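Trainee: Using this note's numbering, you'd call the opening residue of the sequence shown number 1 and step up by one each time. No residue lacks a Cβ here, since even glycine has one placed at the ideal position from N, Cα and C. Owing to the predicted nature of the structure, the values given are computational and were not obtained by experimental measurement.
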Amino acid sequence: MASSEGRVVCIAVDGSDHSEKAFDWYKDQIYHNGDRLIIVHSHELHPPAMGTLLATQEWQKIVKEHEQYIKDLEEKFKCKCEAMKVSAKIVIQGGHPGEHVCKTAKRKALS
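(1) Between the C-alpha atoms of SER87 and GLN60, what's the straight-line distance to the nearest angstrom?
(2) Helix, strand or coil for GLU44, going by three-state DSSP, please let me know.
(3) Using DSSP with H/G/I as helix, E/B as strand and the rest coil, what is GLY98?
(4) By the 10 Å Cβ neighbour count, where 16 or more other Cβ atoms means buried, how is ILE30 classified, buried or exposed?
(5) With distances taken from CA atoms, which of GLN68, ALA105, ASP28, VAL101 is nearest ALA83?
(6) Assuming VAL13 and ASP35 form a contact by the criterion Cβ under 8 Å, report the distance between their Cβ atoms to the nearest whole angstrom.
(7) Kindly indicate the opening and closing residues of the alpha helix (DSSP H) around ALA22.
See the structure below:
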């Protein structure tokens, strides 16, 4: 998806080593000056089933840990982009990763 402003490249990330290696591979093998990079993380946090009756404090702890995980992930890829001196937009969204990453890539490529 090239334009006069450069290519739009969308990379889906999570906290895995595979994700980080994929980003590094893009950086080392594919990146061109002028690329506009969109980093997408789509997550799902499933509340406990009613039958398990997870205590409110336990659930709050899980939610806080998940929020910290997302902040750490965002910071890691923000630092990688700054080190590359590449302009990047980081999109964090809730929902099924496969579906939402594809929708985000299409939407951002058109803008």
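Mentor: Reading it off the structure:
(1) The count along the sequence shown starts at 1 and reaches residue 87 at position 87. The count along the sequence shown starts at 1 and reaches residue 60 at position 60. Between SER87 and GLN60, the C-alpha separation is close to 35 Å.
(2) Your numbering for residue 44 matches position 44 in the sequence shown. In the three-state scheme derived from DSSP, where H, G and I count as helix and E and B as strand, GLU44 is classed as coil.
(3) Residue 98 sits at position 98 when you count from the first residue of the sequence shown. Here DSSP, grouped into helix, strand and coil, assigns GLY98 to helix.
(4) Along the sequence shown, one-based indexing puts residue 30 at 30. So ILE30 ends up on the exposed side.
(5) Reading the sequence shown from its first residue, position 83 is the one you call residue 83. Looking only at GLN68, ALA105, ASP28, VAL101, the smallest Cα-Cα distance to ALA83 is reached by ASP28.
(6) In the sequence shown, counting from the first residue as 1, residue 13 sits at position 13. In the sequence shown, counting from the first residue as 1, residue 35 sits at position 35. So it is not a contact: roughly 16 Å between Cβ atoms.
(7) Within the sequence shown, numbered from 1, the residue matching residue 22 stands at position 22. Note, ALA22: alpha helix (DSSP H), 17-25.
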